[in-house]
Amino acid sequence: MAESSTPQPRVVTRTSRLRALLLGVLLPLLALAGLHWLSLRLGPLNMPQVMRLVDGQWMEDKLGPPPLLAGQPLPEKAEAMQLPDVRTEGSEAGWYLLDFKLAEGVHEPWLVAFTHSPDLNLYLDGKLLARSQQGLELEPMYRGLRLGSSGVLINVPPAMLEAGEHRLAMHLGATGDQMGTLSVVQMGPATQMRQLQQARDFWQSARLLTALSAALLGLFLLLVWLALRQEWIYGLTGVYALSAALLLLPYLSVAPVPLPWWRMILDAADILARGLMLLLVVQWFAPGDSWGRRLALAFMVIALPIDLWAAYHGSVWDAFENLWPWWALGSRGVVMIGAWGVVLRAALRSGQVAHGLAAASLGLAFFCWAYVGYFALIDEGSFPLVDINVAGYAAVVGMAGYVLQRRFVASLRAQARSRQALEEALAARSRELEARYQDLQRSEQLRVAAQERERLLQEMHDGLGSQLLMAKLGARQGMDTDTLVALLDDCIAEMRLTIDAMTVDDGDLGLLLANVRHRLQDRLRSAGLQLEWQLQDTPHLPRLMGAQGRDLVRIVQEALSNVLHHAQAGRVRFATRVVDDGAAVLLSISDDGLGLRDSRREGQGLKGMRKRAERIGAQISWREVDPGSERPGCELQLRIPVVPR
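Under this note's numbering, the residues of the sequence shown are numbered 2 to 646, in order.
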């Protein structure tokens, strides 16, 4: 059922409006006619042997012993009465005398059925049939239409029902602070009376099912409201459903609290149910209308104190000589017609079948209420009345549940659409960020490549370029062939070392040093230097990947160059080991030369080594191997952390 707060664009034709009108008005009338037919079909009017005792006499105990036998004269002060009858609070104990005539005797068991309150003793032709103080036997009790009344089925032996006049005498106790009632008395063959009991069971089952469904729906909606406090409409609908379930309890169980408190509770539930019904249908089908909300709130605020006062003082619904029944019935009728009108107008405006069915539910609730109220309070005794209000409650509770179910589903669908839109927006943003990231990656790759190219060109210019320039100058100046060849060999070795360093991109320190040894060992040997190799297994060093590996090679080259040109050493030793519990690798290059001179100045070579060590995140230091000796030697230590920067 689409809510009028979120109408869907559609063309409303005259045919669709006529269909909505027929659904909203004609359908509830047809449903009411069907319920009326069903109640009569299951009632005693279709069972000719079942008698309905309506006319009788009432006499109080103070008038003396009652005439229990048919034909005995009645006291002059006995009053004619017609069932059903209601006695007000504080009424004295007394007798109902009902005469009936049988054309012929009966040959099968009969049953007597009625509802009553308070306690009752039943006599047939002066013989006691049942006493309520001892419990009315033979059949289960059932609830009556009147508040607080109990229904019974009592066996009558065939021998007591001979042809002729008979008199039923019912003694009802004093009402005290409660209200006394006695329904129409029905008598007939046990088989037909049991059929009537089955009809009562049918209506009882319908009431029980409706009450349980309303209670479960109300509890569920209240739990939803407690979880989602902003969805207050679920809480109001839950209170309405629980109120409807409470109004069906008088027909299903005994009063949990005594009168007048139980009646006050029921009247309060009735006012809440009517007022909330109008408030909810306005919110569902005409949220822009404020008059409906004002009418519902005014009804609940005004009616609650008035009706609670009337319930406390025992005002009866059919005492039309007083103002309260007119107020109670009139105000409730106005509220129910208002709710029905709101939905009917929404159905005519939208032309939707769902709105027409909602109007039919509200119309059925109003017609059932008016039907039961008229025949129970105004035209009493016309026929055996069945409280078909259960159909009205079921229709409205079902409509409320369906509307909220559609509202809940619509909310879930809206959340799904929002989630899908968010996922699509997130996917689009992710694609945009991915594209930007790829652009940044390409830019970074180009920047790194440019830097690498610049550094490589600078190294070739500083190293290979300067050596080639020296070879060129030497060739022009007539340098001897052996010296020129040696200089060119150095250029070739420099170029090969650069290429080797470029091929090692996994941070393998041992492989980098092995390449240096392979390229420079002939030169070191020709210079008279003995090379010692004491390398241990070391982990790969992420800091030596890529260009940083060439920085390490340049540091080693510069160290060997210093040994060759300044140390006057005869031995060079390379050693590696893991230090600081695996946190770093220590590279040591030591010689047995002249050591560190106090007057030495740090030239461009040492500055370049420090700068390269900083680029790879390593710590570089120098120390004398054997201080104080004639040839103390020198050791270069390079501490390289294992973890990446």
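Glycine included, C-beta positions come from ideal geometry on N, C-alpha and C.
These figures come from a predicted structure and were not determined experimentally.
The alpha helix (DSSP H) spanning residue i covers which residue range?
i: ILE234; result: 233-248
i: MET1; result: Look at the range of the chain in this structure, 2 to 646, and you will see that residue 1 is not part of it.
For residue i, report the span of its beta strand (DSSP E) as first-last.
i: GLU636; result: 635-642
i: TRP310; result: Segment 292-313 is the alpha helix (DSSP H) holding TRP310; no beta strand (DSSP E) there.
i: ASN516; result: No beta strand (DSSP E) contains ASN516, which is instead part of the alpha helix (DSSP H) from 510-527.
i: VAL554; result: It is not in any beta strand (DSSP E) - VAL554 instead sits in the alpha helix (DSSP H) that spans 548-563.
i: ASN122; result: 121-125
i: TRP96; result: 95-103
i: PHE321; result: Element bounds for PHE321: n/a, residue is neither H nor E.
i: VAL258; result: Where VAL258 is concerned, there is no enclosing beta strand (DSSP E), given that its DSSP letter is neither H nor E.
i: HIS117; result: 111-118
i: ALA131; result: 128-132
i: MET82; result: 80-83
i: ALA170; result: 165-173
For residue i, which option in the options has the closest C-alpha, if you only look at C-alpha atoms?
i: GLY239; options: GLY219, LEU227 and LEU229; result: GLY219
i: ALA515; options: GLU533, GLY529 and ALA528; result: GLU533
i: ALA104; options: VAL13, HIS167, VAL387 and VAL153; result: HIS167
i: LEU561; options: LEU39, GLN531, THR577 and TRP285; result: GLN531
i: CYS492; options: LEU512, GLY479, MET480 and ARG524; result: ARG524
i: ILE272; options: GLY72, TRP341 and ALA299; result: ALA299
i: ARG555; options: ALA429, SER527 and GLY606; result: GLY606
i: SER1; options: LEU345, VAL643, LEU597 and ILE641; result: A query on residue 1 cannot be resolved here, the shown segment of the chain reaching from 2 to 646 and no further.
i: LEU54; options: ARG42, GLN522, LEU183 and MET60; result: LEU183
i: LEU222; options: THR16, VAL404 and GLN535; result: VAL404
i: MET587; options: CYS635, ALA548, GLU625 and LEU536; result: Checking the sequence, you will find Leu at residue 587 rather than Met. The shortest Cα separation from LEU587 among CYS635, ALA548, GLU625 and LEU536 belongs to LEU536.
i: ALA360; options: ALA436, VAL282 and PRO288; result: VAL282
i: LEU309; options: ARG264, PRO288, PRO119 and TRP204; result: ARG264
i: LEU84; options: LEU24, ARG430, ALA200 and LEU386; result: LEU386
i: VAL186; options: ASP481, THR116 and LEU129; result: THR116
i: PRO642; options: GLU625, ALA614 and CYS635; result: ALA614
i: ILE338; options: VAL354, ALA371, ALA355 and ARG526; result: ALA371
i: VAL157; options: GLU109, TRP204 and ASP202; result: GLU109
i: LEU213; options: ASP86, GLU445, ALA395 and ARG551; result: ALA395
i: SER589; options: HIS567, GLU625 and ASP582; result: GLU625
i: LYS78; options: GLN231, LYS63 and ARG418; result: LYS63
i: ILE389; options: HIS566, PRO29 and LEU154; result: PRO29
Should residue i and residue j be called a contact, given that it needs their Cβ atoms to be closer than 8 Å?
i: CYS369; j: GLY393; result: yes
i: ALA94; j: GLY174; result: yes
i: GLY236; j: TRP111; result: no
i: GLY618; j: ARG544; result: yes
i: ALA114; j: LEU248; result: no
i: GLY57; j: LEU98; result: yes
i: VAL398; j: THR211; result: yes
i: GLY106; j: ALA164; result: yes
i: VAL391; j: ARG275; result: no
i: PRO76; j: GLY91; result: no
i: GLU119; j: GLY25; result: In the sequence under discussion, the amino acid at residue 119 is Pro, which differs from the Glu named in the question. Not closer than 8 Å, so no.
i: LEU279; j: ALA340; result: yes
i: GLN558; j: ARG616; result: no
i: MET400; j: SER431; result: no
Leaving out five residues on either side along the sequence, give the residues of the same chain with a beta carbon under 7 Å from the beta carbon of residue i.
i: LEU22; result: LEU349
i: LEU121; result: SER133, MET171, HIS172 and LEU173
i: GLN50; result: GLY189, PRO190 and GLN193
i: ALA304; result: ILE272 and SER332
i: PRO67; result: MET60, TRP96, LEU98 and ALA170
i: PRO141; result: The predicted position of PRO141 is uncertain, since its pLDDT is 36 and thus under 50; a value taken from the coordinates is nonetheless stated next. Correct list: empty, nothing qualifies.
i: GLY357; result: ARG20, ALA21, LEU24, GLY25 and ALA348
Please work out which residues of its chain come closer than 6 Å, Cβ to Cβ, to residue i, disregarding the five sequence neighbours upstream and downstream, and give them in chain order.
i: LEU69; result: TYR124, GLY127 and ALA170
i: ALA570; result: VAL564, ASP592, ASP593 and GLY594
i: ARG572; result: GLN531 and ASP593
i: ALA32; result: LEU365
i: ALA216; result: ALA246
Who are the near neighbours of residue i in its chain, counting only those whose CB is closer than 8 Å to its CB and skipping five residues on each side?
i: PRO326; result: SER316, VAL317, TRP318, ASP319, ALA320 and LEU378
i: ALA311; result: ASP268, TRP325 and ALA329
Does the Cβ of residue i lie closer than 7 Å to at least one heavy atom of the ligand GTP?
i: ALA71; result: No copy of the ligand GTP appears in this structure; indeed no ligand is present at all.
Just checking: is the beta-carbon of residue i within a distance shorter than 8 Å of some beta-carbon in chain C?
i: ASP100; result: No chain C is present in this structure, which holds just one protein chain.
Restricting to runs no shorter than 4 residues, where is the alpha helix (DSSP H) found entirely within the region 337-412? Runs found: 354-374.
3-residue-minimum beta strand (DSSP E) runs that sit fully inside the region 44-69, ordered along the chain: Within the region 44-69, the complete beta strand (DSSP E) runs of at least 3 residues fall at 52-54 and 56-61.
To test your reading of the DSSP string, which unbroken alpha helix (DSSP H) runs of 4 or more residues are found completely within the region 180-218? If we require 4 residues or more, the region 180-218 turns out to have no alpha helix (DSSP H) run fully inside it.
Any chance you could list the alpha helix (DSSP H) runs of at least 4 consecutive residues sitting entirely within the region 577-635, in chain order? Correct list: 605-616.
Return the chain-ordered ranges of every alpha helix (DSSP H) run that is complete within the region 20-47 and spans a minimum of 4 residues. For the region 20-47, whole alpha helix (DSSP H) runs of length 4 or above, ordered along the chain, are 28-42.
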